[in-house]
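Enquirer:
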């Protein structure tokens with residue numbers, strides 16, 4: 002190899018010494034659950050970027066969002082109308098996933114295992130599964146999960162993360178998988194663990210060794226460290242393994258203060274898995290609607306919403322062991338439209354009523 006002249010070598014060495022080190026990629030995912038976007042667009046919602054109509058997926062991506070969350074129901078045609086938001090079948094998820102992938106972003110698949118909303122108060126089995134005995138239900142959970150993931154893989158739409166159940170603190174697929182208030186907790190947790198393992202097996206089944214898909218288990222208690230330990234200790238006792246991430250919901254008016262969130266994150270980190278605030282939101286207007294809610298420590302203004310999101314991101318980044326993996330904002334696209342009932346009247350969206358992005362999105366700017 003030819004050697005450079007001494008003077009050239011000196012210049013090159015000085016240039017290299019002066020060059021800044023490459024910035025490490027922020028390990029904390031900056032996410033947005035846009036599951037309702039198609040329905041809003043059908044109802045006439047228009048999103049704008051500096052006055053010009055634009056795809057909100059691109060607007061969010063350009064503000065730093067690098068992961069989009071999409072929920073999936075088993076047969077939503079038998080559930081609520083579009084007005085209530087439980088409409089996302091596999092076709093709708095596929096259509097949005099294509100837009101997300103075209104934008105160069107990753108996405109998270111949120112499996113509800115229900116025809117309608119699954120949350121701490123509702124974990125209803127799909128209507129077509131209601132007459133299955135327990136072994137058949139266990140098998141159906143595995144095959145359904147495997148079929149969904151395989152279908153997406155065939156279309157080149159594999160999600161980065163797959164969430165097995167939604168806010169499943171009290172169990173899921175009730176009554177078979179219900180643990181809250183169980184007369185025989187040991188038996189109830191045993192059934193729940195079997196169903197959860199079936200979902201995890203199903204999600205893994207279509208994956209090749211080089212398919213970098215991570216599995217997530219999601220509970221709602223983002224401000225309750227004791228509940229986090231109770232839930233995941235119970236899973237550990239029953240050897241529920243094979244998942245990579247712990248997801249928490251954190252809405253301060255339901256779940257507590259920022260300190261409560263930090264304690265819950267610390268509790269979750271003790272299990273050695275990545276920790277994600279997989280749902281969160283805060284209002285940017287209509288203080289009169291929110292003044293009587295608990296833990297509204299940030300102003301109900303666009304700037305207050307931004308500070309809230311900055312604080313949640315900072316809390317996740319400070320998770321012990323470097324295990325903070327992400328924050329996903331829920332329903333940022335929720336701008337008011339006449340024909341739909343919009344959650345909280347659109348006051349927690351990351352877009353204003355005019356469709357323009359709000360300052361809170363600056364919190365998602367890459368670091």
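Residue numbers (our numbering): 2 to 368. Glycine is no exception: its CB is placed at the ideal position from the N, C-alpha and C atoms. Fair warning: this is a prediction, and the values are worked out from it, not measured in the lab.
1. Going by DSSP, name the residue or residues bridged to residue 247.
2. Between 314, 295, 287, 181, which has its C-alpha nearest residue 301's C-alpha?
3. Pick out whichever of 159, 69, 364 has its Cα sitting closest to the Cα of residue 331.
4. If you draw a straight line from the alpha carbon of residue 57 to that of residue 49, how long is it in whole angstroms?
5. So residue 159 and residue 214 are supposed to be a Cβ contact under 8 Å. How far apart are they, rounded?
6. Using the DSSP secondary-structure output, state which residues sit across from residue 72 in a beta bridge.
7. Would you be able to state if there are at least three C-beta pairs under 8 Å between the stretch 240-260 and the stretch 211-230?
8. Which word fits residue 350, buried or exposed, when buried means at least 16 other C-beta atoms lie within 10 angstroms of its C-beta?
9. Would you call the CB atoms of residue 265 and residue 229 closer than 8 Å?
10. Need the endpoints of the alpha helix (DSSP H) that residue 315 sits in, please.
11. Report back the beta-carbon spacing between residue 327 and residue 317 to the nearest angstrom; my notes put them in contact at under 8 Å.
12. Given this structure, state the Cα-to-Cα distance separating residue 67 from residue 184, to the nearest angstrom.
13. Is it true that the CB of residue 65 sits closer than 8 Å to the CB of residue 303?
14. For residue 179, does the three-state DSSP call read helix, strand or coil?
15. Whose C-beta lies closer than 6 Å to the C-beta of residue 297 among residues of the same chain, with five residues either side of it excluded?
16. Compute the Euclidean distance between the alpha carbons of residue 285 and residue 309, then round it to the nearest angstrom.
17. Look up residue 358 in the DSSP assignment and give the residues it is bridged to.
18. If contacts are defined as beta-carbon pairs under 8 Å, then residue 324 and residue 274 qualify, I think. What distance do you get, rounded to the angstrom?
19. Look up residue 54 in the DSSP assignment and give the residues it is bridged to.
20. On the premise that residue 341 lies in contact with residue 44, defined as a C-beta separation below 8 Å, what is that separation, rounded to the nearest angstrom?
Expert: This is what the structure gives:
1. Residue 247 pairs with 218, 276.
2. Comparing Cα positions, the closest option is 287.
3. Of the candidates 159, 69, 364, the one whose C-alpha sits nearest the C-alpha of residue 331 is 69.
4. Roughly 8 Å between the two C-alpha positions.
5. Indeed, because the Cβ distance is near 6 Å, the residues count as touching under 8 Å.
6. Residue pairing from DSSP places residue 72 in a beta bridge opposite 111.
7. As far as the Cβ criterion goes, the stretch 211-230 touches the stretch 240-260, which means the pair count is three or higher.
8. By the neighbour-count criterion, in which 16 or more other beta carbons inside 10 Å mark a residue as buried, residue 350 falls on the buried side.
9. Yes.
10. Counted as a single uninterrupted DSSP element, the alpha helix (DSSP H) harbouring residue 315 occupies residues 303-318.
11. That pair is a contact at about 7 Å.
12. Cα to Cα, residue 67 sits roughly 44 Å from residue 184.
13. Not closer than 8 Å, so no.
14. Three-state DSSP puts residue 179 in a strand.
15. Answer for residue 297: 291, listed in chain order.
16. Rounded to whole angstroms, residue 285 and residue 309 show a C-alpha spacing of 10 Å.
17. DSSP lists 352 as the bridge partner or partners of residue 358.
18. Yes, residue 324 and residue 274 are in contact; Cβ-Cβ is about 7 Å, under 8 Å.
19. When DSSP reads this structure, residue 54 sits in a beta bridge with 49.
20. Rounded, the Cβ-Cβ distance is 5 Å, consistent with contact.
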